[in-house]
Amino acid sequence: MVMEIVCPAGTPAALRAAVKAGAHTVYCGFNDETNARNFPGLNFSRSEMRDGVAFAHDHGAKVLVAINTFPRAGDEVIWHHAISDADACGANAVILADPGLLDHASRNHPRLRRHLSVQAAAANADIINFYAKTFDVKRVVLPRVLSVPEIAAINAETTVETEVFVFGGLCVMAEGRCSLSSYATGLSPNMNGVCSPASHVDYAEDQGALDARLGGYLIHRVEKGQPAPYPTLCKGCFSAGDKTGHLFEDPVSLNAERLIPQLHKAGVTALKIEGRQRSKSYVAQVVRNFRAAVDALEAGRPLPEGMLARLSEGQAMTTGAYKKTWR
Amino acid sequence: MDLTIGPNQFFWAADRWSEFYDDLAQAPANRVVIGELVCSKRLPFYQDRIPEAVSRLLEAGKEVALTSLALVTLKRERKLTTELAEMGVTVEINDLTVLAYLPEGCAFWVGPLVNVYNEGTLRWLAARGAKRVCLPPELPLESVATLVRAAEDLGVAIEVWGHGRLPLAISGRCYHARLHGRTKDNCQFACEEDADGLDVLTRDGKPFMATNGVQTLSDSYACTDYQIETLRSAGVSALRLSPHSNGFTRLCTLYRQRIDHNLAPGDLAHEILSTNPGTRLSDGFLTGEFGAEWSGTKPQ
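In order, the protein sequences belong to chains A and B. Numbers 9 to 335, taken from this note's numbering, label the letters of the first sequence in order. Numbers 62 to 361, taken from this note's numbering, label the letters of the second sequence in order.
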């Protein structure tokens, strides 16, 4: 079977662009705190979701709705409504992380397919099988802490489909287990659907250098005129002991295009592209390239060469944890 | 309200580890969670000391639980986690993987690294046998109060992170090893050099975080001095104090005195800061705009 390309859409326009560019599946969220890309001006109203699902289905593509933050105590009904609305819109599946929400969905929407979000950080076959047995989860998005051989070993021990990230932003911490952002800004991926939020970013010039701060903490300092990366907390430059540098991770993004054949051999069902905050032209181009790659693989042709380098915006690329030495 | 001592997050030599738990047996804490939370590679260095420490703590009248790892990935770690479920001691789960091995209905505790953010998850865990839940440290006071009310009906005791460097993240990558130009598999146990984690500063010298192997902690030490009355009246069952290398049994005594009204709000923090000058405290997750904030710097 050809590997499934799962593509992000932050807007209805990006959804249509992704579908036209050949995405088998698009994932998106409602425009509120129920999804982990809760950025201003992004995501779907209820009617946009209904129209988007209809458009995708007309073109033979599927839509997954991410409801993958952790509901706030006292306000779970907001998340419950998101699930019933996704169901009513005709979504092919919901992507969930919170056990309470999985429990709710499996009781109240048993026929709505459930995927386990990367935010649940299910990192071994036993917990994946447990989610399948307990909540009838059909697919798991694997956390970015596993090597390709470990992914193969997981697939050998489970019938749950696996989906892995191949391109875009890269969490270096186990997803859904990180509160660095709320420590510095009060807003976190788990509670608010944001990490290192733009509302708390401040750029200032100081003696010919450009300082990028998040919540008052200096994350990057670059010479004036040099490209200044966005101050994502875990990709900052810090000091510890007698060392100064990118202690957690360099300002890199993930590109596992060269690993597609190995991921296929490891039994992976779907390849996920990060970036619901990206433009429709970016999304379309990434989709076209990955679609060409999986089609080439299926036909037994060699993969197109170096297809995505120009999309990385001058950023360095990494294959992340897929190579064990990353650890 | 009483005191629970969380699992030691750091890597200490076996003798230091044993000595810590010998001392702790005399501290005014009601229960102790013991074992390896952060990195399975550390465990062989002190694993054989655990049964004796557990016995000693039980003899001293403490309740004891064994912690799971925070992130279970490797085959060896899965095996360790299976064995944990068979030890005959209460297990504290800090990764949901443990639930795959515990017989349904078997009583367990839930640690702060399991994402219990709402009533639905609490209810689901209680139905599976959870008796005691330490909430994730990033939860604000309003969520704590709501969850305590839900927990009362479920027969679950709620704990709040009371003191110590905050566990902010866990990773597949070892930052101590990376700092020394090594990989996790060849770490040479660099984290052992830093008994309370290694300070991470911004480039303009502002303390920010601390690395502890694959774990990232806050630079500041969470301190609930100014929230104890509120937490008690909300119905919080216990404060969780997280082990640190220096003066820990005295810290337990100070918290006990503060809970018993023998210290006024502010006095506890004052005591901590006067014996550990330079320590930065925080309580922003509970009551502030952001985690690193500290009530002690605001007018009370």
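Ideal placement from N, C-alpha and C gives every residue a C-beta, glycine not left out.
- Short Cβ contact (9 angstroms threshold) for Ala-264 (chain A) with Val-202 (chain A): In the first sequence, residue 264 (chain A) corresponds to position 256, counting from 1. In the first sequence, residue 202 (chain A) corresponds to position 194, counting from 1. No, the pair does not count as a contact, with Cβ atoms beyond the cut-off.
- Query: DSSP beta-bridge partners for Lys-267 (chain B)?
  - Reply: Looking up residue 267 (chain B) in the second sequence gives position 206. DSSP lists no partner for Lys-267 (chain B).
- Message: Relative to the C-alpha of Leu-104 (chain A), which candidate in A:Lys-141, A:Val-145, A:His-89 has its C-alpha closest?
- Response: Here residue 104 (chain A) corresponds to residue number 96 of the first sequence, with the count starting at 1. Of the listed residues, the one whose Cα sits closest to Leu-104 (chain A) is A:Val-145.
- Message: Please list, in chain order, the chain B residues whose beta carbon lies closer than 7 angstroms to that of His-112 (chain A).
- Response: Indexing the first sequence from 1 puts residue 112 (chain A) at position 104. Result: Gly-181.
- Output the residue ranges of the alpha helix (DSSP H) runs that lie fully inside the segment 211-265 of chain B and measure 4 residues or longer, sorted by chain position. 236-240
- Just to confirm, are Val-27 (chain A) and Glu-306 (chain A) a CB contact at a threshold of 9 angstroms? Position 19 of the first sequence, counted from the first residue, corresponds to residue 27 (chain A). Position 298 of the first sequence, counted from the first residue, corresponds to residue 306 (chain A). For Val-27 (chain A) and Glu-306 (chain A), no; Cβs fall outside 9 angstroms.
- Per the contact definition of three or more C-beta pairs closer than 8 angstroms, is the segment 176-183 of chain B in contact with the segment 200-216 of chain B? yes
- Item | Cβ-Cβ distance between Ala-192 (chain A) and Phe-351 (chain B) below 9 angstroms | One-based indexing of the first sequence puts residue 192 (chain A) at position 184. One-based indexing of the second sequence puts residue 351 (chain B) at position 290. In this structure, Phe-351 (chain B) lies closer than 9 angstroms to Ala-192 (chain A) by Cβ.
- Environment of Asn-247 (chain B) [buried if 16+ CB atoms lie within 10 Å]: Counting from 1 along the second sequence, the entry for residue 247 (chain B) is found at position 186. Looking at its Cβ environment, which holds fewer than 16 other Cβ atoms inside 10 Å, Asn-247 (chain B) is exposed.
- Message: At the level of alpha carbons, what is the spacing between Ala-25 (chain A) and Val-102 (chain A)?
- Response: As a working note, residue 25 (chain A) is residue 17 in the first sequence. As a working note, residue 102 (chain A) is residue 94 in the first sequence. Going from the Cα of Ala-25 (chain A) to the Cα of Val-102 (chain A) covers about 21 angstroms.
- Item | Where Leu-262 (chain B) meets chain A, residues with beta-carbon distance less than 8 angstroms | Here residue 262 (chain B) corresponds to residue number 201 of the second sequence, with the count starting at 1. Residues of chain A passing the Cβ test: Phe-246, Ser-247, Ala-248.
- Message: Please list the terminal residues of the continuous alpha helix (DSSP H) segment that includes Ser-395 (chain B).
- Response: Beyond the ends of chain B as shown, which are 62 and 361, falls residue 395 (chain B); an answer cannot be given.
- Look up Pro-16 (chain A) in the DSSP assignment and say whether it is helix, strand or coil. Numbered from 1 along the first sequence, position 8 holds the residue referred to as residue 16 (chain A). Three-state result, Pro-16 (chain A): strand.
- Quick one: which residues of the segment 80-106 of chain A get their C-beta closer than 7 angstroms to a C-beta of chain B? List them in chain order. Taking 7 angstroms as the Cβ-Cβ cut-off, the segment 80-106 of chain A approaches chain B at Arg-80, Ala-81, Gly-82, Glu-84, Asp-106, given in chain order.
- Query: Of the residues B:His-322, B:Leu-196, B:Arg-311, which one's Cα is nearest the Cα of Pro-89 (chain B)?
  - Reply: The sequence position of residue 89 (chain B) within the second sequence is 28, counting from 1. Answer by Cα proximity: B:Arg-311.
- Item | Limits of the unbroken alpha helix (DSSP H) element including Leu-312 (chain B) | Stepping through the second sequence from its first residue, residue 312 (chain B) is reached at position 251. Run containing Leu-312 (chain B): 309-320, per the alpha helix (DSSP H) assignment.
- Query: What did DSSP end up calling Phe-78 (chain A) once you bin it into helix, strand or coil?
  - Reply: The residue labelled residue 78 (chain A) in the question sits at position 70 within the first sequence. Three-state result, Phe-78 (chain A): coil.
- Task: Name, please, each residue of chain B whose Cβ falls closer than 7 angstroms to the Cβ of Phe-353 (chain A).
- Result: The requested residue 353 (chain A) is not part of the displayed model; chain A covers only 9 to 335.
- Item | Per-residue contacts from Lys-245 (chain B) into chain A (C-beta, under 7 angstroms) | Along the second sequence, one-based indexing puts residue 245 (chain B) at 184. Within 7 angstroms Cβ-Cβ: Arg-335.
- Message: Taking 7 angstroms as the limit between beta carbons, can you name the residues of its chain near Glu-41 (chain A), skipping five residues before and five after?
- Response: The residue you call residue 41 (chain A) lines up with position 33 of the first sequence. Once the five neighbours on either side are set aside, the close Cβ partners of Glu-41 (chain A) are Thr-77, Asn-200, Gly-201.
- Message: Give me the subset of the segment 214-239 of chain A whose CB atoms are less than 7 angstroms from a CB atom of chain B, sorted by chain position.
- Response: Considering only beta carbons, the part of the segment 214-239 of chain A lying closer than 7 angstroms to chain B consists of Gly-223, Tyr-225, Leu-226, Arg-229, in chain order.
- Item | 8 angstroms Cβ cut-off: residues of chain B touching Leu-154 (chain A) | Residue mapping note: residue 154 (chain A) aligns to position 146 of the first sequence, counting from 1. Result: Thr-134, Gly-233.
- Message: Rounded to the nearest angstrom, what separates Glu-97 (chain B) and Leu-324 (chain B) at their Cα positions?
- Response: Counted from its first residue, the second sequence places residue 97 (chain B) at position 36. Counted from its first residue, the second sequence places residue 324 (chain B) at position 263. Going by the C-alpha atoms only, they are around 33 angstroms apart.
- Task: Assess, as a yes-or-no matter, whether the segment 282-299 of chain B is touched by the segment 218-231 of chain B under the definition of 3 or more beta carbon pairs within less than 8 angstroms.
- Result: yes
- Which one or two residues does DSSP pair with Cys-369 (chain A) in a beta bridge? The requested residue 369 (chain A) is not part of the displayed model; chain A covers only 9 to 335.
- Task: At 8 angstroms on the CB atoms, spell out the chain A contacts of Ala-230 (chain B), in chain order.
- Result: Reading the second sequence from its first residue, position 169 is the one you call residue 230 (chain B). Residues of chain A passing the Cβ test: Met-181, Ala-182, Arg-185, Cys-186, Ser-187, Leu-188, Cys-242.
- Query: Considering only C-alpha positions, which residue in the set A:Leu-255, A:Asp-134, A:Lys-288, A:Cys-97 is nearest to Leu-50 (chain A)?
  - Reply: For this step, residue 50 (chain A) is matched to residue 42 along the first sequence. Of A:Leu-255, A:Asp-134, A:Lys-288, A:Cys-97, the residue nearest in Cα terms is A:Lys-288.
- Query: Hey, Ala-146 (chain B) and Leu-163 (chain B) are a contact pair by Cβ (cut 8 angstroms); roughly how many whole angstroms apart?
  - Reply: Position 85 of the second sequence, counted from the start, is the residue given in the question as residue 146 (chain B). Position 102 of the second sequence, counted from the start, is the residue given in the question as residue 163 (chain B). The pair is a contact, with the Cβ atoms about 5 angstroms apart (cut-off 8 angstroms).
- Message: Restricting to Cα atoms, I'd like to know which of B:Leu-174, B:Val-150, B:Pro-173 is closest to Cys-167 (chain B).
- Response: To locate residue 167 (chain B), count along the second sequence from 1; it is residue 106. Residue B:Val-150 is the option with its Cα nearest to Cys-167 (chain B).
- Message: Suppose contacts are defined by Cβ-Cβ distances below 9 angstroms. Is Thr-277 (chain B) in contact with Leu-229 (chain B) by that definition?
- Response: The residue labelled residue 277 (chain B) in the question sits at position 216 within the second sequence. The residue labelled residue 229 (chain B) in the question sits at position 168 within the second sequence. Yes, the Cβ-Cβ distance between Thr-277 (chain B) and Leu-229 (chain B) is below 9 angstroms.
- Message: Between Leu-215 (chain B) and chain A, is any beta-carbon pair separated by less than 9 angstroms?
- Response: In the second sequence, the residue the question calls residue 215 (chain B) occupies position 154. No, Leu-215 (chain B) lies away from the interface with chain A (no Cβ there is under 9 angstroms from its Cβ).
- Message: Determine whether the beta carbon atoms of Ser-343 (chain B) and Ser-279 (chain B) lie at a separation below 9 angstroms.
- Response: In the second sequence, the residue the question calls residue 343 (chain B) occupies position 282. In the second sequence, the residue the question calls residue 279 (chain B) occupies position 218. The answer is yes: Cβ separation under 9 angstroms.
- Among A:Ser-207, A:Ala-206, A:Leu-188, which one has its Cα closest to the Cα of Asn-198 (chain A)? Within the first sequence, residue 198 (chain A) is the residue found at index 190, counting from 1. Taking only the C-alpha atoms, the option nearest Asn-198 (chain A) is A:Leu-188.
- Task: To the nearest angstrom, report how far apart Gly-184 (chain A) and Leu-150 (chain A) are at their CA atoms.
- Result: Translated into positions along the first sequence, residue 184 (chain A) becomes position 176. Translated into positions along the first sequence, residue 150 (chain A) becomes position 142. In a straight line, the C-alpha of Gly-184 (chain A) is about 12 angstroms away from that of Leu-150 (chain A).
- Message: Is His-158 (chain A) close to chain B? Criterion is C-beta to C-beta, closer than 9 angstroms.
- Response: Your numbering for residue 158 (chain A) matches position 150 in the first sequence. Note that residue 158 (chain A) is Glu in the sequence shown here, rather than His. Yes, Glu-158 (chain A) counts as interfacial toward chain B.
- Check Glu-147 (chain B) in the structure and name its three-state DSSP category. Taking the first residue of the second sequence as 1, we reach residue 147 (chain B) at position 86. Reduced to three states, the DSSP call for Glu-147 (chain B) is coil.
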